Each structure stands twice: as structure tokens, then as C-alpha cells.
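Following: one structure in C-alpha cells, then a few remarks.
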Amino acid sequence: GGGCPHILAEPQRTNFYINSEDFSQSNWIKNASTITINAVTSPDGLQNADNLLDTTANNLHGLYQTYSATANDIITATIFVKKNNKQFMSFLTNNNGSSDRYAYFDLVNKTTHSLSTGITASIETYNNDWLRLSVTSTSGGGNPYYWWNIALSNSTSVYTGDGTGSVYIWGAQLEIQSQATAYIKSDGIAAVR
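Okay, so the sequence shown: first residue is 413 according to this note's numbering, each after it adds one.
Below, the structure written as C-alpha cells:
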């Protein structure tokens with residue numbers, strides 16, 4: 413048909429996080445946190461990365477979406493993060509209520525800490541001090557949440573904020589896959605590569 417053939421370098425995958433670059437949208441549930449949109453330049457070179465800020469509450473400071481997973485699905489969640497004035501991030505999933513699983517990320521030393529049983533984590537480095545945080549865990553089924561938080565340390569997620577503690581975030585992805593694949597942008601629905 414006159415088109416140029418090409419090779420698909422990665423397998424077909426779906427990003428189940430909705431609005432993967434706009435964290436101000438209502439499908440991102442904010443907990444003791446606020447979002448400032450388009451705060452800094454993202455890894456794609458546009459000024460479309462958001463600022464995630466804590467509040468003055470003594471709580472988890474972050475945001476999440478839920479996903480209706482099948483038991484034993486292997487889920488990998490990723491997000492691009494850039495340090496502002498907070499050094500640590502954490503990830504939390506409730507694994508269908510059976511037990512919380514969590515991982516911590518040190519954005520300065522680029523290390524992972526305090527991993528729960530049943531979850532693995534890694535960090536990839538990108539230009540301009542951006543990192544891609546990645547976690548993989550087997551689902552217990554149901555409708556678990558997949559939650560990214562600003563953390564106080566490499567082992568503490570709940571803290572009293574001051575309303576200014578923040579990190580920059582962009583490009584969240586949730587896929588049924590045992591490792592992260594190339595980023596897939598989503599807007600109002602899950603996006604397929």
C-alpha cells in the first residue's frame with residue numbers, strides 16, 4: 413500500500429495508568445499532597461512534568477490509581493522522578509488487602525531500600541537528573557492500589573509535611589509484565605503500544 417515496513421522493537425503492551433503525564437486529573441487520587449502541573453521540563457524535552465508537593469498533614473504524601481488485577485498477574489509499575497527538595501520516594505501496593513508491599517528509593521544515591529517480600533525494585537538514570545523508578549510484584553487479585561509517595565527517609569513514608577516538600581514526576585506506567593518496557597503515554601484511557 414505504499415507504506416514503509418518497520419520492525420516492532422518491543423512487544424505489544426498496555427499502560428493501565430490513565431493520564432500518565434497529567435497527575436492533576438481526578439483518576440489520580442491524591443493523599444495529603446497537591447499537584448502543580450507543567451512545573452519543569454520532562455524527559456521528552458517539553459515543560460510538562462508536574463510537581464508533587466506534600467501538605468502539613470501527618471500522613472502518606474502521594475498519589476495512586478487502582479487496577480482490577482487477576483490473581484497471580486505480574487505487575488510492573490514505573491514513574492519518572494526528579495529530585496526537588498526531597499531525597500526519597502516510596503511505592504506501596506496493598507496486594508488485595510492481604511499485606512502491604514513497599515519499596516523505597518533514594519533519589520540522590522540512586523539506590524533502593526527496605527523492600528518487602530514479594531516485590532523487586534530498580535532505578536534507571538536519564539538525562540537532566542531524571543530517574544525512572546520501577547517495581548514488580550505479583551498481584552493477589554481484586555482491586556489493589558499502586559501508590560507513589562514522597563518519603564521522609566529510606567524506610568519511612570508517613571511524616572508531617574510542611575507544604576513545600578516536593579519531587580517532580582512524569583510518565584507513570586502500569587503494565588502486566590515482569591519488567592518495565594518503553595514508556596507508553598496515556599490520556600483518558602489505557603494506552604496500547
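We put the beta carbon where it would ideally sit given N, CA and C, even for glycine.
Source: prediction; values computed, not measured.
Exercise. Among S454, Y595, T529 and T568, which residue has its Cα nearest to the Cα of K495?
Worked result: Sequence index remark: in the sequence shown, residue 495 carries index 83 (1-based). Closest by alpha carbon: S454.
For this session: Identify whether D541 lies in helix, strand or coil by the three-state DSSP scheme.
Result: Along the sequence shown, read from residue 1 onward, the residue named residue 541 stands at position 129. Helix at D541.
Exercise. In chain order, which beta strand (DSSP E) runs of at least 3 residues are fully inside the stretch 419 to 457?
Worked result: 441 to 443 and 445 to 452
For this session: Determine the burial state of Q477: buried for a count of at least 16 other Cβ atoms within 10 Å of its Cβ, exposed for fewer.
Result: Locating residue 477 in the sequence shown gives position 65, counting from the first residue. Q477 is buried by the Cβ-count criterion.
Problem set entry | Check: N506 C-beta below 7 Å from any heavy atom of the ligand MN | Looking at this structure, you won't find the ligand MN or any other ligand, since it has none at all.
For this session: Could you check which residue in I430, S480 and H473 has the C-alpha nearest to that of Y557?
Result: Here residue 557 refers to the residue found at position 145 when the sequence shown is read from its first residue. Taking the Cα of Y557 as reference, the smallest distance to any Cα among I430, S480 and H473 is reached at S480.
For this session: Would you kindly check if the distance between the Cβ of S502 and the Cβ of A515 is under 8 Å?
Result: Sequence index remark: in the sequence shown, residue 515 carries index 103 (1-based). Sequence index remark: in the sequence shown, residue 502 carries index 90 (1-based). Result yes, Cβ atoms of A515 and S502 sit closer than 8 Å.
Exercise. With burial defined as no fewer than 16 other Cβ atoms inside 10 Å of the residue's Cβ, what is the status of T576: buried or exposed?
Worked result: Your numbering for residue 576 matches position 164 in the sequence shown. Flag for T576 reads exposed.
For this session: Spatial neighbours of Y571 within its chain, please: CB distance less than 6 Å, with the 5 preceding and 5 following residues excluded, ordered by chain position.
Result: The residue given as residue 571 occupies position 159 in the sequence shown. Excluding residues within five positions, the ones whose Cβ falls inside 6 Å are L564.
For this session: State yes or no: is the C-beta of G474 within less than 8 Å of the C-beta of S445?
Result: The residue labelled residue 474 in the question sits at position 62 within the sequence shown. The residue labelled residue 445 in the question sits at position 33 within the sequence shown. Going by C-beta atoms, G474 is nearer than 8 Å to S445.
For this session: Using alpha carbons as the reference points, say which of I562, S598 and Q585 lies closest to N443.
Result: Against the sequence shown, residue 443 aligns to sequence position 31. When each option's Cα is compared against that of N443, the closest is I562.
Exercise. Taking one C-beta from the stretch 534 to 548 and one from the stretch 585 to 598 each time, how about it: are there three or more such pairs within less than 8 Å?
Worked result: Short answer: they touch.
For this session: Select from S598, A603 and Q591 the residue whose C-alpha is nearest the C-alpha of D485.
Result: Here residue 485 refers to the residue found at position 73 when the sequence shown is read from its first residue. Nearest option by C-alpha distance: Q591.
Exercise. What is the DSSP secondary structure of L519, reduced to helix, strand or coil?
Worked result: Translated into the one-based positions of the sequence shown, residue 519 becomes position 107. Three-state DSSP puts L519 in coil, outside helix and strand.
Problem set entry | C-alpha distance - Q389 paired with N539, whole-angstrom precision | A query on residue 389 cannot be resolved here, the shown segment of the chain reaching from 413 to 605 and no further.
Exercise. Does the Cβ of T505 have 16 or more other Cβ atoms within 10 Å, making it buried, or fewer, making it exposed?
Worked result: The residue given as residue 505 occupies position 93 in the sequence shown. When all chains shown are included, T505 counts as buried.
Exercise. What residue range is occupied by the uninterrupted beta strand (DSSP E) comprising L564?
Worked result: Taking the first residue of the sequence shown as 1, we reach residue 564 at position 152. Careful: L564 lies outside any beta strand (DSSP E) and carries neither H nor E.
Exercise. Nearest-angstrom Cα distance between L527 and S567?
Worked result: Walking along the sequence shown from the start, residue 527 turns up at place 115. Walking along the sequence shown from the start, residue 567 turns up at place 155. Taking the straight line joining both Cα atoms gives about 9 Å.
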